[in-house]
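When we follow our numbering, the leftmost residue of the sequence shown carries the number 59, and every step to the right adds one.
Even for Gly, the Cβ is constructed at its ideal location relative to N, Cα and C.
Here's the structure we're looking at; comments come further down.
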Amino acid sequence: MRLDDFLARLPAGDLWVFGYGSLMWSPCFSYREKALARVHGFHRALCILSTRYRGTHRKPGLVMGLCRGGSCWGMAFRIPRRDVRRCLTRLWNREMTRRVYEPRLVPAKLAGGRTVAALAFLADPEHPSYVRELDLHGRARLVAQGIGQRGACVDYIRNTLEHMHDVGVRDPHLERVLHAALTLRNSLPGRSARAPVRVARAGSRSSV
């Protein structure tokens, strides 16, 4: 979706943005307020191949998307009305270059009990970079090998988990993926860290 199209659909007033990955600990915009929040109906998943920020085309990493089903803890940021266009421009330049996400307003329940409509970036399961049918070991291998413009994929996962721990939230599956990825990197680095991983993408019937 183009930024102007999304802006045309926004109600007037301040805008909340829901971060569930790197936006939690590294937002690219200024904000007036932030709060722990939970979104129902969607869950955090390592499901998007990264060929720029956390990997390359030859050795892709794996980053997070928001997928249907379950619920997800994250951080909600309130952007003042006057700053909405500027902040969304930065977000579009960061998150929407490959159109792998679908921007959507979703209900987010703040820690204080209030529910707000927040912008969240949902994973597009029809995008070629969306990964299907990948077990924990396959995800760990992608995380272990991925290094891109913003650094190593393992650091991306570790920073996300550390921020979640700081606010009293855990993601056991993400912790297991990180542990397995670090084990792969520390043992047999010549085979685990450098061997590209084949994955089943959206629209593909191949499997790992």
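Start-end ranges of the alpha helix (DSSP H) lying completely within the segment 132–218, minimum 4 residues:
142–153, 194–203
Among L177, D62, A198, which residue has its Cα nearest to the Cα of H231?
For this step, residue 231 is matched to residue 173 along the sequence shown. Taking only the C-alpha atoms, the option nearest H231 is A198.
Check for me: the beta strand (DSSP E) holding V235 runs from which residue to which?
Within the sequence shown, the letter at position 177 stands for residue 235. Looking at the DSSP string, V235 is not in any beta strand (DSSP E); the run it does join, the alpha helix (DSSP H), is 230–244.
Per the contact definition of three or more C-beta pairs closer than 8 Å, is the segment 77–84 in contact with the segment 154–174?
no
Quick check on this structure: which residue in H98, C145, C105 has the alpha carbon closest to the alpha carbon of C86?
Taking the sequence shown and counting its residues from 1, the one referred to as residue 86 is at position 28. When only C-alpha atoms are compared, the closest one is C145.
Can you grab the Cα-Cα spacing for the pair R162 / F179, in whole Å?
Against the sequence shown, residue 162 aligns to sequence position 104. Against the sequence shown, residue 179 aligns to sequence position 121. In a straight line, the C-alpha of R162 is about 6 Å away from that of F179.
Assuming A238 contacts L194 (C-beta within less than 8 Å), just tell me the rounded distance between them.
Here residue 238 corresponds to residue number 180 of the sequence shown, with the count starting at 1. Here residue 194 corresponds to residue number 136 of the sequence shown, with the count starting at 1. Contact holds; Cβ gap of about 6 Å.
DSSP on F87, reduced to helix/strand/coil?
Here the question's residue 87 lines up with position 29 in the sequence shown. Three-state result, F87: coil.
Option in D63, L81, L242, C130 with minimal Cα separation from A103
By one-based count along the sequence shown, residue 103 stands at place 45. It is C130 whose Cα lies nearest to the Cα of A103.
Would you kindly check if the distance between the Cβ of C211 and the Cβ of L120 is under 8 Å?
The residue given as residue 120 occupies position 62 in the sequence shown. The residue given as residue 211 occupies position 153 in the sequence shown. For L120 and C211, yes; Cβs fall inside 8 Å.
R208 and Y111 - do their beta-carbons sit closer together than 8 Å?
Start at 1 with the first residue of the sequence shown, and residue 111 comes out as number 53. Start at 1 with the first residue of the sequence shown, and residue 208 comes out as number 150. Cβ atoms of Y111 and R208: closer than 8 Å.
Spatial neighbours of R156 in its chain, beta-carbon cut-off 7 Å, leaving aside the 5 residues before and after:
Taking the first residue of the sequence shown as 1, we reach residue 156 at position 98. So the list reads S187, once near-sequence residues are dropped.
Keeping to the same chain, check which residues put their C-beta closer than 8 Å to that of G127; ignore five residues upstream and five downstream.
In the sequence shown, residue 127 corresponds to position 69, counting from 1. Once the five neighbours on either side are set aside, the close Cβ partners of G127 are G99, F100, H101.
Which of helix, strand or coil DSSP assigns to S250
Counting from 1 along the sequence shown, the entry for residue 250 is found at position 192. With a pLDDT of 40 at S250, under the threshold of 50, the predicted position of this residue should be treated as unreliable, though the coordinate-derived value follows. Of the three classes helix, strand and coil, the one that applies to S250 here is helix, per DSSP.
On a Cα-Cα basis, can you pick out the residue from R143, D72, Y214 that is closest to F64?
Within the sequence shown, residue 64 is the residue found at index 6, counting from 1. Ranking R143, D72, Y214 by Cα distance to F64 puts R143 first.
Taking the CB atoms as reference points, tell me whether D213 and M222 lie closer together than 8 Å.
For the purposes of this step, residue 213 is taken as the residue at position 155 of the sequence shown. For the purposes of this step, residue 222 is taken as the residue at position 164 of the sequence shown. Not closer than 8 Å, so no.
For E160, which residues of its own chain have a beta-carbon under 8 Å away from its beta-carbon, when the five flanking residues on both sides are left out?
In the sequence shown, residue 160 corresponds to position 102, counting from 1. Within the same chain, E160 has close Cβ partners M59, F179, L180, A181, D182.
In this structure, how does DSSP classify R112 when only helix, strand and coil are distinguished?
For the purposes of this step, residue 112 is taken as residue 54 along the sequence shown, with counting starting at 1. Three-state result, R112: coil.
For the beta strand (DSSP E) that L73 lies in, which residues bound it at each end?
Residue 73 sits at position 15 when you count from the first residue of the sequence shown. It spans 73–77 - the beta strand (DSSP E) in which L73 sits, taken as one unbroken run.
Measuring CB to CB, does P118 end up less than 8 Å from G204?
As a first step, residue 118 must be located in the sequence shown, where it is residue number 60. As a first step, residue 204 must be located in the sequence shown, where it is residue number 146. Yes, the pair counts as a contact, with Cβ atoms nearer than the cut-off.
Name the residue from D62, E233, I137, L94 whose alpha carbon lies nearest to the alpha carbon of V225.
Taking the first residue of the sequence shown as position 1, residue 225 is located at position 167. For the residues D62, E233, I137, L94, the minimum Cα distance to V225 belongs to L94.
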